[in-house]
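Notes for the one structure printed next.
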Amino acid sequence: MQRDLPGPQDKADGKAKKHPVTERTEPSSAETPETPEPAPAERTPTSDHPSTNIEEPPQIVEAQPERPRALLGTSPGAYGKSKEVWYDPALPGNELPNPHISITGETGSGKTQATKSIITELQRYGVPALILDFKDDYSEASYAEAERLRVYDPGYETLPFNPLAPSADPRTGFVNPTYHIHQLVGIIKRIYRLGDQQAYRFREAAKRAYESATIPMRPFGPPPEQAYPPFEDVRIQLETDRGNESLLGRLSPIFDLGLFASEAEADFASVVASSTVVRLGQLPGDQVKNSVAEFFLMALYNYLIRQRQTHSLGRLLVLDEAWRLVESPFLEPLIREGRAFGLAVLVATQFPGDLPGAVSGSTATKLFFSQTQLDQIREIQRTVVGKTSGPDADHLAGVLKGLAPLACVLHSKQHLPFVRVRIKPYFERQA
Ligand SMILES: Nc1ncnc2c1ncn2[C@@H]1O[C@H](COP(=O)(O)OP(=O)(O)OP(=O)(O)O)[C@@H](O)[C@H]1O
Ligand SMILES: [Mg+2]
């Protein structure tokens, strides 16, 4: 229970801790100078009752859970003194509408370094990250070992979920295999550019895979031990018809990998319980990389919606090279609904224009690294100052064009209209 605010004698008030071990919920003024602490109504001075002998109730100091936050870097302050800038989505009195982050900037500007820094900082609060790594930035041994990330390599391991397992509606507990097949076929059709006829063939094969495992196609309430056919059964069904040869040829890279060979649905919960990086960079071709990444988004979504709602930041999904995933039907739902399940989504990509409005509009923290393309600068101007002309917009354009590597413009409700930040890169944070 939230106790009353401490009196001036309370030592907790004056504690300056390097890493936030907070026993109270207000921000320390040293860390958040731009957010004046509102004077709480209940802070009644004891001098109101000078002559009474009524004993003050004992002050119970309840340790509040530390709120996850991340030191991003420094910004130039007054008198040449730099001040720390934090990503602090649950800052008391100035909470962000959501914990999501977007990071954009041209090649070499600092997106991955900033992302690694945020991952590291949040891990200190026990916030694990699930990282979809397209470029081997996070899977390389030195990084993964230093950050104690489990590297999940789909090139060698089967996936920790069954793509044919439909998600249960959290309200009714029912699953809808027909709807699930439509989603799955939609992903495969888009990524492999299947025609309508080929998509239809795939759909029919998936249906037969369910039917041969006696799974009804209409919505039903599965028992907890309900098993679903392995993805491999779709291939077996496709092979029963010679007319499917070209489709099988098209999909052979993903079937041949044996990613989905396992019947045992490995425990996705254990994958998301600790920090994991999914190594996609070594998979053959963009289509396989993107399919596996999209299946992970699907699996994460299906996992999350079965969890209890927490509303406090409990895990981080990292999508560096996020432009590859903007068409995933699960990206927006993860961003929109993820917050209720404690999920923060970090998307990093070169250009603000890579991100659909529904995604960029839902990231309350935005980091803009160096940008020189005019249309991209205009987009940032609209987001940050609300217009593309006038002194404020011109000033911002000048700042964006002149940003050195690892310097960015941070825009959030806690930093309006923006603050320039020199990111403390990951490579400077290691002991
Ligand atoms: N270990 C390191 N030591 C020193 N500088 C580094 C180190 N790693 C990266 N850098 C520098 O940090 C800057 C930012 O690199 P980063 O990888 O974060 O860029 P990026 O925005 O992710 O680029 P890309 O779009 O190509 O992925 C670059 O100038 C890079 O040279
Ligand atoms: Mg990068």
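Numbering (our numbering), first residue to last: 11 to 441. Even glycine gets a Cβ: it sits at the ideal position worked out from N, Cα and C.
Taken through DSSP and simplified to helix, strand or coil, Val-357 comes out as strand. For the 8 angstroms CB-CB criterion, Pro-78 and Tyr-135 form a contact. Pairing Gly-352 with His-321 gives a Cβ-Cβ distance under 8 angstroms. Here Gly-115 is buried: its Cβ has 16 or more other Cβ atoms, across all protein chains shown, within 10 Å. In the displayed model, Val-336 falls within coil according to three-state DSSP, outside both helix and strand.
Between ligand 1 and the CB of Gly-118, the shortest heavy atom gap is smaller than 7 angstroms. A Cβ-Cβ separation of about 5 angstroms places Asp-143 in contact with Val-287 under the 8 angstroms criterion. The stretch 279-344 is shown to contain whole alpha helix (DSSP H) runs of 4 or more residues at 295-314, in chain order.
Between the alpha carbons of Phe-361 and Val-394 lies a distance of about 15 angstroms. C-alpha of Thr-122 to C-alpha of Ser-85: approximately 19 angstroms in a straight line. Around the beta-carbon of Thr-375, 16 or more other beta-carbon atoms lie within 10 Å, marking it buried. Between the stretch 300-317 and the stretch 158-176 there are three or more inter-stretch CB-CB distances shorter than 8 angstroms, so the stretches are counted as touching. Partner residues in the beta bridge of Ile-141, as assigned by DSSP, are Val-287, Val-328. Only buried fits Phe-306, as 16 or more other CB atoms lie within 10 angstroms of its CB. Cα atoms of Glu-221 and Ala-414: separation of roughly 59 angstroms, rounded to the nearest angstrom. Around Ile-246, the same chain offers Ala-219 as residues with beta carbons nearer than 8 angstroms, after the five sequence neighbours per side are excluded. For Val-395, the enclosing alpha helix (DSSP H) has its first and last residue at 384-395. Distances from the CB of Asp-147 to the heavy atoms of ligand 2 include at least one below 7 angstroms. A buried status is given to Leu-377, since no fewer than 16 other beta-carbon atoms sit within 10 Å of its beta-carbon.
For Val-195, the CB contacts under 8 angstroms within the same chain, skipping 5 residues up- and downstream, are Ala-209, Phe-212, Arg-213, Ala-216 in chain order. Taken from the Cβ of Pro-362, every heavy atom of ligand 1 lies 7 angstroms or farther away. Asp-179 and Leu-327 have their C-alpha atoms roughly 22 angstroms apart.
Proximity of the beta carbon of Phe-378 to ligand 1 is not indicated: no heavy atom of the ligand is located closer than 7 angstroms. Here the C-alpha atom of Ala-151 lies approximately 18 angstroms from the C-alpha atom of Pro-138. Shown here for Trp-96: same chain residues with a beta carbon closer than 7 angstroms to its own, the five before and five after excluded, namely Glu-41, Arg-79, Ala-80, Leu-81, Leu-82 in chain order. Out of Ile-387, Gln-424, Ala-417, Gln-292, the CA that lies nearest to the CA of Pro-107 is found in Gln-424.
DSSP places Arg-432 inside the beta strand (DSSP E), whose first and last residues are 425-433. A straight-line Cα-Cα distance of about 48 angstroms links Ser-177 and Gly-408. For Asn-186, the CB contacts under 7 angstroms within the same chain, skipping 5 residues up- and downstream, are Pro-176, Pro-229 in chain order.
Taking non-hydrogen atoms of ligand 2 into account, the C-beta of Thr-122 is found less than 7 angstroms away from one of them.
Of Pro-366, Thr-188, Gln-207, Leu-420, the smallest CA-CA separation from Gly-253 is found for Gln-207.
Between ligand 1 and Phe-144, a heavy atom-to-CB distance of less than 7 angstroms is absent. If the five residues before and after Leu-159 are omitted, its C-beta is found closer than 6 angstroms to the C-beta atoms of Ser-285, Val-287, all from its own chain and listed in chain order.
If only complete runs of 4 or more residues are kept, the stretch 162-217 shows the alpha helix (DSSP H) at 187-201, in order along the chain. In the three-state reduction of the DSSP assignment, Tyr-436 falls in the helix class. In this structure, the straight-line span from the alpha carbon of Glu-249 to that of Ala-237 is close to 23 angstroms.
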